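S.K.:
Number of protein chains: 2
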Amino acid sequence: MSVLREKILHVASDLFQTRGINSTGVDTIVAVAGTTKMTLYKYFRSKEDLILEVLQKGHADFTTWLSNNLNKNTKKPSERLQKLFDFIEEWVTAPDFRGMAFLKASAEFPNEENPVHRLSAEQSRQFRQFLVELAADAGARDPDSLALQLSILIEGAIQAEQIKRGSGAVKYAKKAAKILIENSLETQAAA
Amino acid sequence: MSVLREKILHVASDLFQTRGINSTGVDTIVAVAGTTKMTLYKYFRSKEDLILEVLQKGHADFTTWLSNNLNKNTKKPSERLQKLFDFIEEWVTAPDFRGMAFLKASAEFPNEENPVHRLSAEQSRQFRQFLVELAADAGARDPDSLALQLSILIEGAIQAEQIKRGSGAVKYAKKAAKILIENSLETQAAA
DNA sequence: GCGGATATATACAATTTAGTATATACGTAT
DNA sequence: ATACGTATATACTAAATTGTATATATCCGC
């Protein structure tokens with residue numbers, strides 16, 4: 001039943017990432033997915049609904065993948081913060097990496113009232129919150145501050161990689177993150 | 001003569017930033033600019049040409065503004081690197097700030113062969129080169145590395161501000177930059 | 001004041017867009 | 001086998017897209 005639904009989601013996600021959301025018509029999506037518009041609108045109320053679901057699935061997949069990897073490969077909470085950028089780098093350098101969906105989506109829908117933009121902003125907030133908990137568990141002096149800085153580094157590096165594949169930005173972001181993390185853990189007593 | 005041309009450029013720039021490039025039709029542009037399509041196509045060969053010119057003008061204005069401010073308000077080259085984020089913050093917190101044009105444009109045109117994407121990538125590269133020279137003049141240990149890190153911080157913070165106005169990301173990016181800059185200047189002998 | 005070039009406005013063409021109404025094939029229960 | 005409900009395919013609508021052909025106003029030298 002829902003195999004076509006999954007297929008549509010997958011194809012739409014791929015096309016949105018490679019061609020842009022607004023530049024991808026529903027006709028193209030159904031053609032590539034090997035189905036018809038009638039079926040698409042059976043499963044999704046509108047194109048906007050499809051966009052929102054694609055974003056949600058993408059974000060869920062990413063956060064699940066990341067936290068699973070962090071939990072599997074580390075023992076102490078403090079390790080997780082150190083390993084974070086290793087997995088980000090692994091994710092970015094994977095051959096099927098196409099960018100961070102909510103970053104692109106927010107650029108295509110700049111109006112803050114727009115549902116797609118709102119979801120993007122919410123996902124960005126959730127990701128930052130995830131980093132706050134990571135920083136807090138690791139014993140950072142100011143978890144909010146460190147988490148926001150790390151999120152800026154991650155999103156900035158991914159942005160750079162979206163503009164030019166193979167820019168190596170993540171490697172430099174990783175070095176910067178190491179310095180910031182050490183700085184936040186070392187100077188517990190200071191300030 | 002060219003007052004209408006300037007007007008079209010200005011209006012297009014504003015609409016592209018507030019509504020997105022692909023979501024803004026030429027009809028809307030000429031309506032807001034108070035002219036007609038015939039005039040627009042007199043001055044610009046195609047919509048893509050208009051987009052490219054808007055991007056070029058935006059980038060030129062930004063870099064001119066930034067380097068002028070840096071030159072005026074600093075004496076020693078090492079000061080410039082410190083003041084950099086002050087001006088970035090001033091730029092971002094200005095009420096008419098609408099985001100960094102080439103970041104959004106590259107998201108709307110993800111295909112690396114696309115002329116708009118290529119120009120965006122080129123502008124990103126130029127900005128990074130500008131930072132490299134700044135870092136070199138300031139006597140950074142590894143100017144390329146520091147410049148790339150700073151560009152990641154700047155573009156990441158701006159990205160955060162595009163998703164959510166008033167996120168205060170630049171303030172945190174500034175703190176991070178300070179740490180990275182100090183680190184790069186202090187440890188001249190190391191490594 | 002008049003003729004000619006230039007800029008502007010109106011109207012249009014061809015495609016593409018999201019979304020839908022209708023018709024047809026198909027699988028299942030009896 | 002047959003009747004029924006569901007999924008799919010075709011065809012269509014209405015609006016919006018970029019770009020252009022034609023008509024009209026405006027401004028200049030003389």
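From first to last, the protein sequence lines stand for chains A and B.
Quick note: the first sequence uses our numbering, first residue 1, plus one each step.
Quick note: the second sequence uses our numbering, first residue 1, plus one each step.
All C-beta atoms, glycine included, are put in the ideal place defined by N, C-alpha and C.
Since the model is a prediction, treat every value here as computed from it, not as a measurement.
Just verifying my parser: in three-state terms, what is the DSSP assignment at ARG45(B)?
M.R.: For the purposes of this step, residue 45(B) is identified with residue 45 of the second sequence, where counting begins at 1. DSSP places ARG45(B) in coil when its eight states are reduced to three.
S.K.: Use the C-beta contact count for GLU161(A): other C-beta atoms within 10 angstroms, 16 or more gives buried, fewer gives exposed.
M.R.: Your numbering for residue 161(A) matches position 161 in the first sequence. Per the 10 Å Cβ criterion, buried.
S.K.: Closest Cβ-Cβ distance between ALA176(B) and chain A: below 7 Å?
M.R.: Here residue 176(B) refers to the residue found at position 176 when the second sequence is read from its first residue. ALA176(B) counts as touching chain A.
S.K.: Out of VAL32(B), SER23(B) and ILE51(B), state which residue places its alpha-carbon closest to the alpha-carbon of LEU4(B).
M.R.: On the second sequence, position 4 is the one that residue 4(B) refers to. Considering only alpha carbons, the answer is VAL32(B).
S.K.: Please look up how many angstroms separate the CB atoms of LEU134(A) and LEU81(A), rounded, as I've assumed it's under 8 Å.
M.R.: Within the first sequence, numbered from 1, the residue matching residue 134(A) stands at position 134. Within the first sequence, numbered from 1, the residue matching residue 81(A) stands at position 81. So it is a contact: roughly 6 Å between Cβ atoms.
S.K.: Could you confirm whether any beta carbon from chain B is found closer than 7 Å to the beta carbon of GLY20(A)?
M.R.: Locating residue 20(A) in the first sequence gives position 20, counting from the first residue. Answer yes: the Cβ-Cβ gap between GLY20(A) and chain B drops below 7 Å somewhere.
S.K.: Starting from ILE154(B) and walking both ways along the alpha helix (DSSP H), at which residues does that stretch end?
M.R.: Looking up residue 154(B) in the second sequence gives position 154. Per DSSP, ILE154(B) belongs to the alpha helix (DSSP H) from 143-163.
S.K.: Just the chain A side, please: which residues come within less than 7 Å of GLY156(B) by C-beta, in chain order?
M.R.: Here residue 156(B) is taken as the residue at index 156 of the second sequence, counted from 1. Simply ILE152, LEU153, GLU155, GLY156 and GLN159.
S.K.: With respect to the alpha helix (DSSP H) encompassing LYS174(B), which residues constitute its N-terminal and C-terminal limits?
M.R.: As a position in the second sequence, residue 174(B) is number 174, starting the count at 1. From DSSP, the alpha helix (DSSP H) with LYS174(B) extends over 169-186.
S.K.: Of all the options LYS7(B), PHE44(B) and GLY168(B), which has the alpha carbon lying nearest to the alpha carbon of TRP91(B)?
M.R.: Position 91 of the second sequence holds residue 91(B). Per the Cα distances, GLY168(B).
S.K.: Could you compute how far the alpha carbon of GLU186(A) sits from the alpha carbon of ALA140(A)?
M.R.: In the first sequence, counting from the first residue as 1, residue 186(A) sits at position 186. In the first sequence, counting from the first residue as 1, residue 140(A) sits at position 140. Between GLU186(A) and ALA140(A), the C-alpha separation is close to 9 Å.
S.K.: Check each residue of the stretch 6-40 of chain B: if its Cβ is closer than 8 Å to any Cβ of chain A, include it; give the result in chain order.
M.R.: GLN17, THR18, ARG19, GLY20, ASN22 and SER23
S.K.: Determine the chain A residues that contact TYR172(B) at a beta-carbon separation under 7 Å, and present them in chain order.
M.R.: Residue mapping note: residue 172(B) aligns to position 172 of the second sequence, counting from 1. Below the 7 Å Cβ cutoff, chain A contributes SER145, LEU148, GLN149 and ILE152 as neighbours of TYR172(B), in chain order.
S.K.: To the nearest whole angstrom, what separates the beta carbons of VAL26(A) and LYS37(A), a pair I think is in contact under 8 Å?
M.R.: Counted from its first residue, the first sequence places residue 26(A) at position 26. Counted from its first residue, the first sequence places residue 37(A) at position 37. Contact holds; Cβ gap of about 6 Å.
S.K.: Would ILE88(A) pass as an interface residue toward chain B - the criterion being a Cβ-Cβ separation below 7 Å?
M.R.: As a first step, residue 88(A) must be located in the first sequence, where it is residue number 88. With 7 Å as the cut-off, ILE88(A) does not count as an interface residue toward chain B.
S.K.: Can you check whether the CB of GLN159(A) is closer than 7 Å to the CB of GLN159(B)?
M.R.: Translated into positions along the second sequence, residue 159(B) becomes position 159. Translated into positions along the first sequence, residue 159(A) becomes position 159. Contact: yes.
S.K.: Would you say PRO143(A) and VAL132(A) are within 7 Å of each other, going by their C-beta atoms?
M.R.: Mapped onto the first sequence, residue 143(A) falls at position 143. Mapped onto the first sequence, residue 132(A) falls at position 132. It is a contact, given that the beta carbons lie within the stated cut-off.
S.K.: Out of curiosity, what's the CA-to-CA distance linking ALA173(A) and ALA147(B)?
M.R.: Taking the first sequence and counting its residues from 1, one reaches residue 173(A) at position 173. Taking the second sequence and counting its residues from 1, one reaches residue 147(B) at position 147. The C-alpha of ALA173(A) lies about 11 Å from the C-alpha of ALA147(B).
S.K.: GLU108(A) CB to nearest chain B CB: under 7 Å?
M.R.: Walking along the first sequence from the start, residue 108(A) turns up at place 108. GLU108(A) counts as touching chain B.
S.K.: Spell out whether any CB of chain B is found under 7 Å from the CB atom of ILE163(A).
M.R.: Counting from 1 along the first sequence, the entry for residue 163(A) is found at position 163. ILE163(A) counts as touching chain B.
S.K.: ILE8(B) lies in the alpha helix (DSSP H); which residues open and close that run?
M.R.: As a position in the second sequence, residue 8(B) is number 8, starting the count at 1. 3-19 is the span of the alpha helix (DSSP H), which, as asked, contains ILE8(B).
S.K.: Quick check on GLU89(A): does DSSP put it in helix, strand or coil?
M.R.: To locate residue 89(A), count along the first sequence from 1; it is residue 89. It is helical.
S.K.: By the DSSP assignment, the alpha helix (DSSP H) with LYS104(A) in it spans what residues?
M.R.: Working through the first sequence from its first residue, we reach residue 104(A) at position 104. Where LYS104(A) is concerned, the enclosing alpha helix (DSSP H) stretches over 101-108.
S.K.: What does the Cβ neighbour count give for ALA157(A), buried or exposed, with the cut at 16 atoms within 10 Å?
M.R.: Position 157 of the first sequence, counting from 1, holds the residue named residue 157(A). So ALA157(A) ends up on the buried side.
S.K.: Does any C-beta atom of chain B lie closer than 7 Å to the C-beta of ASN183(A)?
M.R.: The count along the first sequence starts at 1 and reaches residue 183(A) at position 183. Chain B, which has a Cβ nearer than 7 Å to the Cβ of ASN183(A), makes this yes.
S.K.: Can you pull out the residues from the stretch 36-70 of chain B whose beta carbon lies closer than 8 Å to at least one beta carbon of chain A?
M.R.: Result list empty, no residue passes.
S.K.: ALA189(B) by DSSP, collapsed to three states: which one?
M.R.: Position 189 of the second sequence, counted from the start, is the residue given in the question as residue 189(B). Below a pLDDT of 50, predicted positions are generally treated as unreliable, and ALA189(B), at 45, falls in that range; no measurement from the model is reported.
S.K.: If you count every other CB in all the chains shown that lies within 10 Å of the CB of GLY34(B), and 16 or more means buried, which is it?
M.R.: As a working mapping, residue 34(B) is identified with position 34 in the second sequence. Looking at its Cβ environment, which holds fewer than 16 other Cβ atoms inside 10 Å, GLY34(B) is exposed.
S.K.: So what does DSSP say about THR36(B), is it helix, strand or coil?
M.R.: Residue 36(B) sits at position 36 when you count from the first residue of the second sequence. Three-state result, THR36(B): coil.
S.K.: By the criterion of Cβ-Cβ separation under 7 Å, what are the contact partners of ALA121(B) in chain A?
M.R.: As a first step, residue 121(B) is located in the second sequence; it is residue number 121 there, counting from the start. Within 7 Å Cβ-Cβ: ILE163 and LYS164.
S.K.: If I measure Cβ to Cβ from THR93(B) and keep anything under 8 Å in the same chain, skipping five residues before and after, which residues do I get?
M.R.: Your numbering for residue 93(B) matches position 93 in the second sequence. Excluding sequence positions up to five before and after THR93(B), its CB lies within less than 8 Å of the CB of VAL170, all in the same chain and listed in chain order.
S.K.: DSSP three-state call for PRO77(A): helix, strand or coil?
M.R.: Start at 1 with the first residue of the first sequence, and residue 77(A) comes out as number 77. Here PRO77(A) sits in helix by DSSP.
S.K.: Check whether the Cβ of ARG118(B) lies closer than 6 Å to any heavy atom of the ligand HEM, and answer yes or no.
M.R.: The ligand HEM is not part of this structure, which contains no ligands at all.
S.K.: Let me confirm a value: LYS104(B) is counted as buried when at least 16 other C-beta atoms fall within 10 Å, else exposed. Which label applies?
M.R.: Counting from 1 along the second sequence, the entry for residue 104(B) is found at position 104. A buried status is given to LYS104(B), since no fewer than 16 other beta-carbon atoms sit within 10 Å of its beta-carbon.
S.K.: Can you grab the Cα-Cα spacing for the pair ALA177(B) / GLU155(B), in whole Å?
M.R.: Residue mapping note: residue 177(B) aligns to position 177 of the second sequence, counting from 1. Residue mapping note: residue 155(B) aligns to position 155 of the second sequence, counting from 1. Going from the Cα of ALA177(B) to the Cα of GLU155(B) covers about 12 Å.
S.K.: Under 7 Å, Cβ to Cβ, is there at least one residue of chain A near LYS72(B)?
M.R.: Indexing the second sequence from 1 puts residue 72(B) at position 72. Proximity of LYS72(B) to chain A, defined by a Cβ-Cβ separation below 7 Å, is not satisfied.
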